[in-house]
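Asks:
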Amino acid sequence: MVLEPEDKEDKLYDTTTANGIARFSVNTVASSQSLTFKVKTNDAKLDSDKQATASMQAYPYRSSNNQYIYM
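Taking UniProt numbering, the leading residue of the sequence shown gets 1, the next gets one more, and so forth.
(1) For K50, does the three-state DSSP call read helix, strand or coil?
(2) Who are the near neighbours of T15 in its chain, counting only those whose CB is closer than 6 Å to its CB and skipping five residues on each side?
(3) Count the other C-beta atoms from every protein chain shown that fall within 10 angstroms of the C-beta of M56, then say buried if there are 16 or more, exposed otherwise.
(4) Within a Cβ cutoff of 6 Å, which residues of the same chain sit near I69, ignoring the five residues on either side of it in sequence?
(5) Do A52 and T36 have their C-beta atoms within less than 8 Å of each other?
(6) Find out if the Cβ-Cβ distance for the pair M1, A22 is shorter than 8 Å.
(7) Step through the CB atoms of chain C and report whether any lies within less than 8 Å of the CB of N27.
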């Protein structure tokens with residue numbers, strides 16, 4: 001998988017696990033209002049125009065009592 005954060009120059013690469021999940025860590029600035037990600041498969045057997053793609057927009061967690069979110 002290739003992850004392309006909207007406001008970053010560097011692409012991030014990871015391999016999916018057996019269950020199809022890839023994990024990425026992206027550092028952001030505290031003032032970010034949102035961040036758009038584009039992900040794309042990176043299968044060497046497929047042409048670039050045949051790779052699967054998706055986009056996602058992430059928003060920061062905001063707490064009314066300054067607590068962290070636990071997941």
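By construction, the Cβ of each residue, glycine as well, lies at the ideal position given by its N, Cα and C atoms.
For clarity, every value in this text was computed on a predicted model and none was experimentally measured.
Replies: Taking the structure as given:
(1) Correct three-state label for K50: helix.
(2) Non-local C-beta neighbours of T15 in its own chain, meaning closer than 6 Å and more than five positions away in sequence, are absent.
(3) Exposed, because fewer than 16 other Cβ atoms sit within 10 Å of the Cβ of M56.
(4) Y61
(5) Not closer than 8 Å, so no.
(6) At a Cβ-Cβ threshold of 8 Å, M1 and A22 count as neighbours.
(7) Of the chains in the structure shown, none is chain C; there is only one protein chain.
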